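**Q** Take this structure first; my questions come after.
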Amino acid sequence: MDRVIFDADTNPLVLAHNARILGVSLKNIKFAFLSHWHYDHYGGMPYIAELNPGIKLYAPIEGMAMAMRWGFEPVPVRDGGKIEDKFYTSGVLEGIEHAMGVETSSGLVIIVGCSHPGVDRLVEEVLKVSGNEKAYLVIGGFHSPPIWRLNRLAELSELIAPAHCSGDVAKDYIKKKFPDKFVEVRTGTIIDV
2 MDRVIFDADT NPLVLAHNAR ILGVSLKNIK FAFLSHWHYD HYGGMPYIAE LNPGIKLYAP
62 IEGMAMAMRW GFEPVPVRDG GKIEDKFYTS GVLEGIEHAM GVETSSGLVI IVGCSHPGVD
122 RLVEEVLKVS GNEKAYLVIG GFHSPPIWRL NRLAELSELI APAHCSGDVA KDYIKKKFPD
182 KFVEVRTGTI IDV
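Quick note: to get the numbering used here, add 1 to the position in the sequence shown (first position is 1).
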């Protein structure tokens with residue numbers, strides 16, 4: 002499968018350190034995907050562009066000039082749909098954020114950044130544009146969502162991996178209420194799909 006990067010930390014030094022510890026090269030990436038223009042998600046993007054000059058960056062429209070200065074070929078995203086073979090975007094919701102869907106041998110994996118518009122809404126949009134009824138895995142930041150959003154998410158995905166800004170309450174709720182769906186993740190976790 003093609004190698005892509007979804008968001009890029011706050012600091013290029015942290016990104017480079019983590020990649021080195023994991024033994025992962027940040028070169029030869031097919032494209033970059035930025036969920037939203039908050040610094041803790043785009044801080045390492047200039048480094049990615051330096052290592053992969055001219056690659057596409059799929060991102061909400063607001064930071065396209067900056068992406069171009071970094072050396073990306075910016076692709077502004079507004080609507081949901083297929084962006085590359087086996088890759089989808091939810092489309093930008095509430096003018097701020099989009100999520101990425103990836104077709105894998107296990108099923109559709111949906112990666113979210115912070116889920117400011119609601120993790121369930123982002124997942125529903127990726128499912129709609131990809132033609133899938135359910136995700137295999139949803140992973141990323143859920144932005145300390147209300148319980149009803151987590152219950153809806155459990156209906157939409159076989160596995161749930163809360164990370165980043167999900168919050169301990171959300172993680173504990175999923176772990177207790179949906180133990181067969183909960184996947185514990187942290188920096189460096191590898192999930193085979």
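By construction, the Cβ of each residue, glycine as well, lies at the ideal position given by its N, Cα and C atoms.
Remember, predicted model here, so these are calculated numbers, not experimental data.
Quick one: Cα of Phe32 to Cα of Phe73, how far?
**A** Along the sequence shown, one-based indexing puts residue 32 at 31. Along the sequence shown, one-based indexing puts residue 73 at 72. Straight-line Cα distance between these residues: approximately 9 Å.
**Q** Measure how close the beta-carbons of Glu98 and Ser145 come, nearest whole angstrom, since I'm counting them as under 8 Å.
**A** As a first step, residue 98 must be located in the sequence shown, where it is residue number 97. As a first step, residue 145 must be located in the sequence shown, where it is residue number 144. That pair is no contact at about 15 Å.
**Q** For Lys83, name the three-state secondary structure that DSSP assigns.
**A** Indexing the sequence shown from 1 puts residue 83 at position 82. Note: Lys83 maps to strand in three-state DSSP.
**Q** What residue from Arg122, Ile161, Trp38, Ser131 has the CA that sits closest to Pro77's CA?
**A** Position 76 of the sequence shown holds residue 77. Of the listed residues, the one whose Cα sits closest to Pro77 is Trp38.
**Q** Fully enclosed by the stretch 61 to 133, which alpha helix (DSSP H) runs are 4 residues long or longer?
**A** You should have 65 to 71, 120 to 131.
**Q** In or out: Lys172 buried (at least 16 other Cβ within 10 Å) or exposed?
**A** Mapped onto the sequence shown, residue 172 falls at position 171. Buried, since its Cβ has 16 or more Cβ neighbours within 10 Å.
**Q** Tell me the DSSP secondary structure of Glu159 in three-state form.
**A** Your numbering for residue 159 matches position 158 in the sequence shown. Three-state DSSP puts Glu159 in a strand.
**Q** Give a yes or no on contact between the stretch 131 to 142 and the stretch 111 to 123, applying the rule of three or more CB pairs nearer than 8 Å.
**A** Touching, yes.
**Q** Closest by CA to Asn53, which one among Pro118, Thr188, Asn29?
**A** Taking the first residue of the sequence shown as 1, we reach residue 53 at position 52. The residue with the shortest Cα to Cα distance from Asn53 is Asn29.
**Q** With a 10 Å radius around its C-beta and 16 neighbouring C-beta atoms as the bar for buried, classify Leu23 as buried or exposed.
**A** Within the sequence shown, residue 23 is the residue found at index 22, counting from 1. It is exposed - the Cβ of Leu23 has fewer than 16 other Cβ atoms within 10 Å.
**Q** Mind checking Tyr40: buried by the 16 CB within 10 Å criterion, or exposed?
**A** In the sequence shown, the residue the question calls residue 40 occupies position 39. By the 10 Å Cβ count, Tyr40 comes out exposed.
**Q** Once DSSP output is grouped into helix, strand and coil, what is the label at Ile6?
**A** Numbered from 1 along the sequence shown, position 5 holds the residue referred to as residue 6. If DSSP states are grouped into helix, strand and coil, Ile6 belongs with the strands.
**Q** Any idea if Gly64 is buried or exposed, counting beta-carbon neighbours within 10 angstroms, 16 or more meaning buried?
**A** Counted from its first residue, the sequence shown places residue 64 at position 63. Its Cβ being crowded by 16 or more others within 10 Å, Gly64 is buried.
**Q** Given this structure, state the Cα-to-Cα distance separating Glu201 from Leu154, to the nearest angstrom.
**A** The requested residue 201 is not part of the displayed model; the chain covers only 2 to 194.
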